[in-house]
Structures are given as structure tokens and as C-alpha cells.
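> Okay, handing you the structure first.
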Amino acid sequence: MASPTPCYHCGLPVPAGSAYHARVLDEQRALCCPGCQAVAEAIVQGGLESYYLHRSDASVNPGALPQALTEELALYDRKDVQQPFVRHEGKLAN
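Here the sequence shown is numbered in the numbering used here, starting from 217 and rising by one per residue.
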């Protein structure tokens, strides 16, 4: 079995059938997600395409959040905490 293609921007595996691509350095490049596609396109559109020529490694990927921070941020999932600043308009997607 062939190993998956690495994302041109971050180096993570590109899922089979991925629809995310960007033209970088005159070639269509495979990307793993809409975030990498957006960043790659922004780099190219910003005239900074040479970034890809000069980088020595793939982009660094963040690790998992520490458990204490995950628990602290979970507070914002509570409806009573959201009530003062979250507003729902229209039908919500499930």
C-alpha cells in the first residue's frame, strides 16, 4: 500500500480524494484541509510564494492542548456562560 501524499503546506497526510489544492510555484499542489488551502493561497496571493522555496521543513503542527486548558475552555460550551454573548439566528445545522 502506498503511503499518503503529504500536504504541501503542513506535511500531514492528504486524505484520499481530497478536493483541496492550490497552485504554488506554477504547480497544482495537494493540501489536506481548507485551512492549509486558504493559507497557501494567501501566501501566493500576498506575493510571498518564495516562502516555499526557502523553508527547510514542513510547517510545525500544534500538539494537543494541555488537559487544564481544555477543561478551562470547556466552560464556554455551557449555555449559561454563552447566554450574554452568543446569539443564534435562523435554523441551526445539526
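Ideal Cβ placement from N, Cα and C applies to all residues, glycine included.
To the nearest angstrom, report how far apart Tyr236 and Arg245 are at their CA atoms.
9 angstroms
> Take every Cβ of the stretch 247 to 263, pair it with every Cβ of the stretch 284 to 292, and state whether three or more of those distances are shorter than 8 angstroms.
no
> Would you list the residues sitting across from Val240 in a DSSP beta bridge?
Glu243
> Just to confirm my understanding: we take Leu241, look at its own chain, exclude 5 residues before and 5 after, and list those with CB closer than 8 angstroms. What are they?
Answer for Leu241: Glu265, Tyr268, Leu269, listed in chain order.
> Going by DSSP in three states, Pro250 sits in which element: helix, strand or coil?
helix
> Could you check the C-alpha separation between Pro300 and Leu281 for me, to the nearest Å?
Distance between the alpha carbons of Pro300 and Leu281 is about 26 angstroms.
> Are there 16 or more other CB atoms within 10 angstroms of the CB of Pro253, so buried, or fewer, so exposed?
Looking at the sequence shown, residue 253 is not Pro but Gln. Gln253 should be labelled buried.
> Residues in its own chain within less than 6 angstroms of Thr221 by CB, not counting five upstream and five downstream?
Val230, Ala246
> Go through its chain and collect everything with a Cβ distance to Cys249's Cβ below 7 angstroms, but skip five positions before and after it.
Answer for Cys249: Tyr236, listed in chain order.
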